[in-house]
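*Asks:*
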Amino acid sequence: MVEQLKTDFHNKCYLCEMKDLQDPQIEHLLPHKNGRYPERKYDWNNLFWSCAHCNSMKNQDKYDAGIIDCCRQDPEELIFFRLRDKQVEITTTVSGNDKTSALTAELIYEIFNKTNTGMRVYKSAVRLKLLTKEMNILYDNLEALKKNPDSKIVLRKLKALLRRESSFAAFKRCYVRENLKEYPQLAEYVAL
């Protein structure tokens with residue numbers, strides 16, 4: 023079961039999108055509340071691959087109502103992921119009465135920005151550093167594409183960077199979609 027979840031989620035946390043987790047956990051999309059909802063505890067459709075940081079962040083009562091089930095609905099259709107000036111911005115792309123999207127956006131924002139304990143300061147900073155590194159790789163390759171728009175090597179690198187299986191894919195894909203006028207040849211890689 024563990025290896026299958028790891029494979030199904032491309033060995034990345036379904037919330038922060040960090041890859042190759044050193045502290046993976048099996049997270050319950052809908053909480054089982056220590057046996058109050060026993061049918062949820064081993065329901066395959068309720069089990070998700072997560073890092074300890076994200077699992078602990080989601081373990082707040084306000085998220086019990088449910089966040090987006092990324093196996094049934096594409097979060098990129100409902101949420102916009104942005105890194106700007108070393109700050110993570112998460113906004114919903116749907117109307118204000120979609121509580122699931124709003125809760126998910128709030129959770130992801132907290133994952134990267136909540137600093138109410140020493141460990142959360144550290145763990146949020148680690149994620150921001152890795153996200154920034156991954157975005158800089160993307161920016162470098164986009165710059166290379168501008169200089170040589172016909173480069174098959176650069177296009178292959180960008181295709182790999184923009185695959186949903188890559189680290190922080192939602193951030194990279196949203197950035198390219200936001201700037202598609204500059205990179206129209208990448209449209210097929212970021213299609214929803």
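The opening position of the sequence shown corresponds to residue 23 in this note's numbering, with each subsequent residue numbered one higher.
All C-beta atoms in this analysis are idealised placements derived from N, C-alpha and C, irrespective of residue type, glycine included.
Using the beta-carbon count (16 or more within 10 Å), is Leu214 buried or exposed?
*Replies:* Exposed, since its Cβ has fewer than 16 Cβ neighbours within 10 Å.
*Asks:* Restricting to runs no shorter than 3 residues, where is the beta strand (DSSP E) found entirely within the segment 117 to 153?
*Replies:* Within the segment 117 to 153, no complete beta strand (DSSP E) run reaches 3 residues.
*Asks:* Count the other C-beta atoms from every protein chain shown that fall within 10 angstroms of the C-beta of Ser117, then say buried if there are 16 or more, exposed otherwise.
*Replies:* The residue is exposed, with fewer than 16 neighbouring Cβ atoms inside 10 Å.
*Asks:* In the DSSP output, what is Trp71 paired with across the bridge?
*Replies:* BP columns for Trp71 point to Ile48.
*Asks:* Do you know offhand how far Pro97's Cα is from Met40's?
*Replies:* Cα-Cα distance, rounded: 16 Å.
*Asks:* Alpha carbons only, please: which of Glu200, Gln47, Lys121 is nearest the one belonging to Cys35?
*Replies:* When each option's Cα is compared against that of Cys35, the closest is Gln47.
*Asks:* Excluding the five sequence neighbours on either side, which residues of its own chain have a C-beta within less than 7 Å of the C-beta of Tyr205, listed in chain order?
*Replies:* The residues are Leu164, Leu167, Val198.
*Asks:* For Gln109, which of helix, strand or coil comes out of DSSP?
*Replies:* It is a strand residue.
*Asks:* Can you tell me which of the three DSSP states Lys41 falls into?
*Replies:* Three-state result, Lys41: strand.
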